[in-house]
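Protein chains in written order, with the numbering used here: chain A, 39 to 237; chain B, 39 to 237. Read the structure below first, then the notes.
Protein chains: 2
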Amino acid sequence: MAEYIESLQKLAEQFGRLEGVGKKNAMKMAFSVLDMTAEEAEEFSKAIIEAKEKIHLCPICQNITDREVCPICADPNRDRRTVCIVSDPRVVISMEKVREYKGTYHVLHGVISPMNGITPDKLKIKELLARIDDGEIEEAIVATNPTVEGEATAMYISRLLKPFDIKVTRLAYGVPMGSDLEYADEITLYRAIEGRRDF
Amino acid sequence: MAEYIESLQKLAEQFGRLEGVGKKNAMKMAFSVLDMTAEEAEEFSKAIIEAKEKIHLCPICQNITDREVCPICADPNRDRRTVCIVSDPRVVISMEKVREYKGTYHVLHGVISPMNGITPDKLKIKELLARIDDGEIEEAIVATNPTVEGEATAMYISRLLKPFDIKVTRLAYGVPMGSDLEYADEITLYRAIEGRRDF
């Protein structure tokens with residue numbers, strides 16, 4: 039009968055467009071909105087518009103921000119000699135949670151994926167090259183995902199950065215902490231053996 | 039760093055308020071909104087407000103609707119002599135999918151749960167009694183969930199309906215189709231044995 043309630047159906051469709059939301063969950067969410075007060079729904083509705091309006095890309099690192107320059111690029115305590123190249127703003131959030139990395143970031147906004155029409159020119163690569171061309175950066179850590187596309191992007195970028203006189207590194211691959219070796223996949227195990235270190 | 043992007047954080051909090059949405063998924067959804075075009079976000083925002091504004095309760099069955107009277111109550115082909123009493127509009131949707139039931143509904147909007155402050159007067163019970171008092175209804179099918187609270191509500195309602203000269207029935211309980219008896223819980227199995235039928 040939900041088909042009969044057009045505005046409920048429409049709202050569920052909107053939720054269904056979000057990443058990782060299935061049809062059933064979308065309807066659950068639409069019902070949650072009905073359970074809200076009119077003020078709460080108004081606030082929710084406004085939050086969507088505000089987020090879209092206020093958030094843009096940092097002109098330096100291309101990360102999303104609601105300020106002129108993102109807080110990381112604006113922070114005088116961050117080490118501008120090191121740049122960590124990531125595919126997505128979400129990775130920046132994960133990295134920052136570690137509280138170990140003190141350099142800056144560069145967000146590519148995707149990985150090279152010709153099958154999906156994502157060619158290098160669709161990524162924020164020329165912005166990266168311009169930053170490195172400025173001469174302040176001494177090390178670039180390529181931190182794309184350890185997937186086929188992530189690896190290909192890493193290789194592409196490392197080759198692009200070769201002509202510059204900087205150190206290009208990448209994250210260590212291996213078995214994740216707390217994991218069970220019995221269930222580790224072969225490629226991860228291979229990487230862990232290949233990258234083994236002395237005690 | 040998401041903490042730094044206030045409008046993104048706010049939007050994620052709004053998603054986090056929805057039923058069944060955890061913190062991580064809420065942030066994923068907020069990012070999905072950023073991936074939308076301005077028009078899509080506008081449409082999403084409007085869908086929330088519209089659903090809240092247009093949807094109200096059907097004055098007859100108390101189901102949610104965006105019309106004056108809900109399409110089921112307004113349908114001349116539905117059998118007004120049978121009413122199926124459910125806790126929630128979502129149950130109506132599930133029942134309608136079966137395409138077997140031709141009667142009307144009555145939505146209680148909850149089950150009796152004194153621990154959560156839901157006493158019988160918080161449910162649409164007096165509206166149900168008024169409908170039955172009208173004299174058209176001949177059978178009431180109490181279709182609350184087979185949970186402790188659902189059963190208690192069913193018992194309460196069946197007792198309330200006793201003084202009226204109508205048939206009061208409930209759904210059959212048993213093992214669900216396609217299930218594995220090995221994994222069925224004891225209460226379900228007990229109900230299945232208790233309710234066993236001749237071939």
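In this text, a Cβ means the ideal position worked out from N, Cα and C, and glycines have one as well. Since we're looking at a predicted model, the values are computed, not measured.
Check: Short CB-CB distance (under 8 Å) between methionine 153 (chain A) and chain B; Outcome: no
Check: Residues of the segment 91 to 112 of chain A with Cβ closer than 9 Å to any Cβ of chain B, in chain order; Outcome: Glu91, Lys92, Ile93, Asn101, Ile102, Thr103, Asp104, Arg105, Cys108, Pro109 and Ile110
Check: Interface partners of isoleucine 87 (chain B) on chain A, CB under 8 Å; Outcome: Ala79, Glu80 and Ser83
Check: Chain-ordered neighbours of arginine 46 (chain A) on chain B, where CB pairs are closer than 8 Å; Outcome: Looking at the sequence itself, residue 46 (chain A) is leucine, so the reference to arginine does not match. The contacting residues are Ala89, Ile93, Ile102 and Asp104.
Check: CB of glycine 216 (chain B) within 8 Å of CB of glycine 233 (chain B), strictly; Outcome: no
Check: Sequence-distant residues of the same chain with beta carbon closer than 8 Å to lysine 200 (chain A), five excluded per side; Outcome: Val206
Check: Min CB distance methionine 193 (chain B) to chain A below 8 Å; Outcome: no
Check: Residue span of the alpha helix (DSSP H) that contains alanine 76 (chain B), given as start and end; Outcome: 76 to 92
Check: C-alpha distance - serine 151 (chain B) paired with glutamate 187 (chain B), whole-angstrom precision; Outcome: 6 Å
Check: Whether isoleucine 163 (chain A) touches phenylalanine 202 (chain A) by CB criterion (8 Å); Outcome: no
Check: Beta-carbon proximity of isoleucine 79 (chain B) to valine 71 (chain B), cut-off 8 Å; Outcome: Note on residue identity: the sequence assigns alanine, not isoleucine, to residue 79 (chain B). Yes, they are a contact pair.
Check: Bridge-paired residues (DSSP) for alanine 178 (chain B); Outcome: B:Val121 and B:Val206
Check: Distance, leucine 56 (chain A) Cα to glutamine 47 (chain A) Cα; Outcome: 15 Å
Check: Contacts that asparagine 32 (chain A) makes with chain B (C-beta to C-beta distance below 7 Å); Outcome: In the structure as shown, chain A starts at 39 and stops at 237, and residue 32 (chain A) therefore has no counterpart that could be examined.
Check: Start-to-end residues for the beta strand (DSSP E) that takes in arginine 226 (chain B); Outcome: What sits at residue 226 (chain B) in the sequence shown is threonine, not arginine. Segment 224 to 232 is the alpha helix (DSSP H) holding threonine 226 (chain B); no beta strand (DSSP E) there.
Check: 8 Å Cβ cutoff, methionine 67 (chain A) in contact with chain B; Outcome: yes
Check: Under 7 Å (Cβ pairs) to chain A, residues found in the segment 126 to 138 of chain B; Outcome: Arg128, Val130, Ile131 and Glu134
Check: Residues bridged to histidine 144 (chain B) (per DSSP); Outcome: B:Ile123
Check: Alpha-carbon to alpha-carbon, threonine 103 (chain B) and isoleucine 175 (chain B); Outcome: 22 Å
Check: Cross-chain neighbours of leucine 161 (chain A) in chain B, by beta carbon under 9 Å; Outcome: What leucine 161 (chain A) touches in chain B: nothing, since even the nearest Cβ is about 15 Å away.
Check: Residues sharing a beta bridge with serine 38 (chain B), DSSP; Outcome: Since the first residue of chain B shown is 39 and the last is 237, residue 38 (chain B) is not available in this structure.
Check: Chain B contact for valine 71 (chain A) (CB, 8 Å cutoff); Outcome: yes
Check: Selection of the segment 163 to 179 of chain A by Cβ proximity to chain B, strictly under 9 Å; Outcome: none
Check: CB of lysine 92 (chain A) within 8 Å of CB of serine 45 (chain B), strictly; Outcome: yes
Check: Assigned exposure category for phenylalanine 69 (chain B) - 16 Cβ within 10 Å defines buried; Outcome: buried
Check: CA-to-CA distance, glycine 141 (chain B) to lysine 62 (chain A), given in whole angstroms; Outcome: 25 Å
Check: Leucine 209 (chain B) at chain A interface by Cβ criterion, 8 Å; Outcome: no
Check: Reference leucine 209 (chain A), options A:Glu220, A:Met74, A:Pro127 and A:Met133, closest by Cα; Outcome: A:Met133
Check: Chain B contact for isoleucine 248 (chain A) (CB, 8 Å cutoff); Outcome: Summary: the structure shown does not reach residue 248 (chain A), with chain A confined to residues 39 through 237, and so no result is reported for it.
Check: Assumed close pair isoleucine 123 (chain A), alanine 181 (chain A) - CB separation to whole angstroms, cut-off 8 Å; Outcome: 6 Å
Check: Neighbouring residues, chain B, relative to alanine 76 (chain A) (Cβ below 7 Å); Outcome: Lys90
Check: Contacts of leucine 146 (chain B) in chain A (Cβ-Cβ under 7 Å); Outcome: Neighbours of leucine 146 (chain B) on chain A: none; closest Cβ ~15 Å, over 7 Å.
Check: Chain D residues whose Cβ lies nearer than 7 Å to that of leucine 49 (chain B); Outcome: In the structure shown, chain D cannot be found, because the protein chains are A and B.
Check: Nearest to leucine 167 (chain B) (by Cα), restricted to the options B:Ser196, B:Thr157, B:Glu106 and B:Glu51; Outcome: B:Ser196
Check: Sequence-distant residues of its chain with Cβ nearer than 6 Å to alanine 50 (chain A) (five each side left out); Outcome: Ala64, Met65 and Ala68
Check: Cβ pair leucine 161 (chain A), histidine 144 (chain A) closer than 8 Å; Outcome: no
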